[in-house]
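Notes follow the structure.
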Amino acid sequence: MVRTREKHVQIKLRRESLMENAMSWFDIDFEFKPDNKIDEALLRLFDLMKKSLHIYFNIENSSDIHEFLKIVAAKNNVDYSFIEWIRGKGIPRLKKIDFENLPSNDQFLAMIEIDEYCLKCEMDFKEPEEVRGCIITIINSIQEYTNICKQLIKGESFNDENRI
1 MVRTREKHVQ IKLRRESLME NAMSWFDIDF EFKPDNKIDE ALLRLFDLMK KSLHIYFNIE
61 NSSDIHEFLK IVAAKNNVDY SFIEWIRGKG IPRLKKIDFE NLPSNDQFLA MIEIDEYCLK
121 CEMDFKEPEE VRGCIITIIN SIQEYTNICK QLIKGESFND ENRI
């Protein structure tokens, strides 16, 4: 019983560490909430995006997105337009998202999980442009998902109040 609990705590700490690493790698301030399905889905999604960027640009390792971009920019024959998009639009868009006040409904979770599934399906890199497109779409969509789901929540609470 004690060993099982210790293992559970170790797994939980490892998950928290991964989340911290994946989110901080993208230079995002985020406080991981244990046992939160949305936080866990974001962990998986951002970790997958980080891995896919490393594979796409053939980079073994980097401490954060800024070091990653420096390494990639120094290489020859790379997708410079994608690098510029990440630097000029991707990172700024991620930094504008209020990750501490994300919706907590099933619809938001489903949207994140669908993006994760789509990116996973492209991880064979048969068509690298598809991976690139997935990353751009994911980064562009998170704020939209947040807005849509917050409107859904407002609509539900408005309808609930009117039923009384």
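Taking my numbering, the leading residue of the sequence shown gets 1, the next gets one more, and so forth.
Here a beta-carbon is modelled for each residue, glycine too, at the ideal position from N, C-alpha and C.
Residue i - DSSP class collapsed to helix/strand/coil
i       : result
Phe-68  : helix
Glu-60  : coil
Pro-128 : helix
Asn-162 : Interpretation of Asn-162 is limited by its pLDDT of 46, a score under 50 that renders its predicted location unreliable; the figure taken from the coordinates is listed afterwards. Three-state DSSP puts Asn-162 in a helix.
Phe-99  : helix
Ile-153 : helix
Asp-35  : coil
Ile-55  : helix
Lys-75  : coil
Ile-28  : coil
Cβ pair residue i, residue j closer than 7 Å
i       : j       : result
Leu-109 : Ala-41  : yes
Ile-65  : Asp-27  : yes
Asn-105 : Ile-153 : yes
Gln-151 : Ile-97  : no
Thr-146 : Leu-102 : yes
Leu-119 : Leu-48  : yes
Gln-107 : Cys-149 : yes
CB contact below 7 Å: residue i versus chain B
i      : result
Phe-57 : Any reference to chain B falls outside this structure, which holds one protein chain only.
C-alpha gap between residue i and residue j, whole angstroms
i       : j       : result
Tyr-56  : Phe-46  : 15 Å
Asp-180 : Phe-30  : Residue 180 falls outside the range modelled here, since the chain spans only 1 to 164, and no answer is possible.
Ile-139 : Arg-93  : 7 Å
Ser-24  : Lys-75  : 24 Å
Glu-122 : Glu-60  : 19 Å
Ser-81  : Lys-51  : 19 Å
Tyr-117 : Lys-126 : 16 Å
Pro-128 : Asp-35  : 34 Å
Glu-130 : Lys-33  : 32 Å
Asn-58  : Ile-83  : 13 Å
Ile-112 : Trp-85  : 21 Å
Arg-44  : Phe-99  : 15 Å
Ala-73  : Arg-132 : 16 Å
Lys-89  : Ser-141 : 13 Å
Ile-91  : Ile-114 : 21 Å
Asn-77  : Ser-62  : 19 Å
For residue i, the nearest candidate out of the options (CA to CA)
i      : options                  : result
His-54 : Asn-101, Pro-103, Asp-79 : Asp-79
Glu-67 : Arg-87, Phe-32, Cys-149  : Arg-87
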